[in-house]
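J.: If you count the sequence shown from 1, position 63 lands on 99 in our numbering, and the numbers rise without skipping.
We treat Cβ as the ideally placed atom computed from N, Cα and C, and that holds for glycine.
These numbers were taken from a predicted model, which means no experiment stands behind them.
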Amino acid sequence: MRKPRDFDSELKALADKAKQLKERRVRDLGALVTATGADTLDADVLAGALLDAAANTDKAIGEGWRKRGAAFFQGKSRDTSSAASKQPEGTLPLDSGAASA
């Protein structure tokens, strides 16, 4: 006879994993704000800029932002430290203060 599945423990494990993923996403977004130097902006200004970006429907503007973001991750768009420019594409610097100098 098969052992019955413990659905409660499986659901708890899935909920814990979802919580870990959400915490990691929040941490990564905070690191991105710091790495771009946007942590120097007032919270209201940053929120307003993000709301405008989220509401943007102009594909040309969005593509320009995408290219600029890709260049940032490749270390081409800002005066960053050598440690930050050696990061693989699509990753954030390990030292969150390295790119905000």
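#1: Curious, which full-length beta strand (DSSP E) runs of at least 3 residues does the stretch 53-78 contain?
#2: Reducing DSSP to helix, strand and coil, say where glycine 111 ends up.
#3: Using the Cα positions of lysine 39 and glutamate 59, report the straight-line distance between them to the nearest angstrom.
#4: Is the Cβ-Cβ distance between leucine 82 and alanine 91 less than 8 Å?
#5: Between the alpha carbons of serine 45 and isoleucine 97, how many angstroms are there, rounded?
T.: According to the structure data:
#1: The stretch 53-78 contains no whole beta strand (DSSP E) run of 3 or more residues.
#2: Glycine 111 sits in coil when the DSSP states are folded into three classes, being neither helix nor strand.
#3: Going by the C-alpha atoms only, they are around 34 Å apart.
#4: With a cutoff of 8 Å on beta-carbon distance, leucine 82 and alanine 91 are scored as not near each other.
#5: Those two C-alpha atoms are separated by around 47 Å.
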